[in-house]
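Asks: Residue numbers for the sequence shown follow the numbering used here, so the first one is 940 and each next one is one higher. Idealized CB from N, CA, C, for every residue including glycine.
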Amino acid sequence: MKTTAIIVAAGSGSRFKSDIPKQFLEISGKPVIVHTIERFESAPSVDSIVLVLASSFDFSIYSKVVKIVAGGLTRAGSVRNGLNAVDTEIVAVHDGARPLVTVDEIERTIAKAKETGAACLVAPVTDTIKSIGGGEIADTLDRDKLRRALTPQAFKAELLRKAFENVEINESITDECYLVEKLGHPIAIVEGSSRNIKITHPGDLVLAEALLMDRLKA
Ligand code: C5P
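1) Comparing alpha-carbon positions, which option in Arg954, Phe996, Gly1016, Ile946 lies nearest Ser1111?
2) Under a three-way DSSP split, which group does Pro1141 fall into?
3) Taking Cβ positions, are Val1165 and Gly1021 nearer each other than 7 Å?
4) Under a three-way DSSP split, which group does Ser987 fall into?
5) Along the chain, where does the beta strand (DSSP E) that runs through Lys1051 open and close?
6) Please list the terminal residues of the continuous alpha helix (DSSP H) segment that includes Arg1087.
7) Identify whether Asp1034 lies in helix, strand or coil by the three-state DSSP scheme.
8) Using the C-alpha atoms, what's the distance from Leu1151 back to Ser981?
9) Among Thr943, Arg954, Thr942, Val985, which one has its Cα closest to the Cα of Gly1142?
10) State the start and end residues of the unbroken alpha helix (DSSP H) segment that holds Val947.
11) Taking just the CA atoms, how far does Ser967 sit from Ile976?
12) In terms of residue numbering, what span does the alpha helix (DSSP H) encompassing Ser953 cover?
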């Protein structure tokens, strides 16, 4: 089953407070998006890559990048634009702002999606999580039953297309699994590392660089 990775990197980075979108800032001498593309170029299960971007980018050196698609107003809109450019049976959606994903995580997530139809890379929750209401703690959640949803999230393309059908795209759709959950289709979890951070705030760049250096030492 052929697989396309959609890498969404068309965000404006409003939380980042930088003129340059966060995916084009450098860590360890290369833009964040380049680290991310390199992980997918190195993953044997990935046949092609669709990049979703808000600005132009020279992708000629990346052999798997087949298309560059314009972003949408929200992340979900960007994913939908990317999905329209996919012609393979499997699709893996990944945040361009997650450069620390490993090839092993990509491979295991895609393999699980080929087997089950839908798979989500997750990380454990190490803090105690409270639900809140009215300025007070309402409840303590059982963290053994909680996971952070990371990317990639991989699916049979047909299933993801169905999940996007008749959906009003808005900012509350923060991942693809949410839409597939609404269809009632089971989604297998793939345990991943909490090091697969999404660069969101300026301090995350420092952390990402330290984590990359640590990986190179290993
Ligand atoms: O906004 P957030 O941090 O959740 O974005 C996750 C990923 O989605 C980032 O890589 C960002 O560039 C991308 N994105 C996008 N189009 C948007 C908003 C976010 O491709 N309109």
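Replies: In brief:
1) What you label residue 1111 is simply residue 172 of the sequence shown in a count that begins at 1. Ranking Arg954, Phe996, Gly1016, Ile946 by Cα distance to Ser1111 puts Gly1016 first.
2) Position 202 of the sequence shown, counted from the start, is the residue given in the question as residue 1141. Helix at Pro1141.
3) Because the chain here runs from 940 to 1157, residue 1165 falls outside it and cannot be looked at.
4) Residue mapping note: residue 987 aligns to position 48 of the sequence shown, counting from 1. Three-state result, Ser987: strand.
5) Residue numbering aside, residue 1051 sits at position 112 when the sequence shown is read from its first letter. Premise fails: Lys1051 lies in the alpha helix (DSSP H), 1042-1055, not in any beta strand (DSSP E).
6) Position 148 of the sequence shown holds residue 1087. Note, Arg1087: premise wrong, no alpha helix (DSSP H); beta strand (DSSP E) at 1086-1095.
7) Taking the first residue of the sequence shown as 1, we reach residue 1034 at position 95. Looking at Asp1034 - three-state DSSP - the assignment turns out to be strand.
8) Locating residue 981 in the sequence shown gives position 42, counting from the first residue. Locating residue 1151 in the sequence shown gives position 212, counting from the first residue. Each residue's alpha carbon lies about 16 Å from the other.
9) Here the question's residue 1142 lines up with position 203 in the sequence shown. It is Arg954 whose Cα lies nearest to the Cα of Gly1142.
10) What you label residue 947 is simply residue 8 of the sequence shown in a count that begins at 1. Not the alpha helix (DSSP H): Val947 falls in the beta strand (DSSP E), residues 942-948.
11) Position 37 of the sequence shown holds residue 976. Position 28 of the sequence shown holds residue 967. Taking the straight line from one Cα to the other gives about 15 Å.
12) Numbered from its first residue, the sequence shown carries residue 953 at position 14. Ser953 -> no alpha helix (DSSP H), and no H or E assigned at all.
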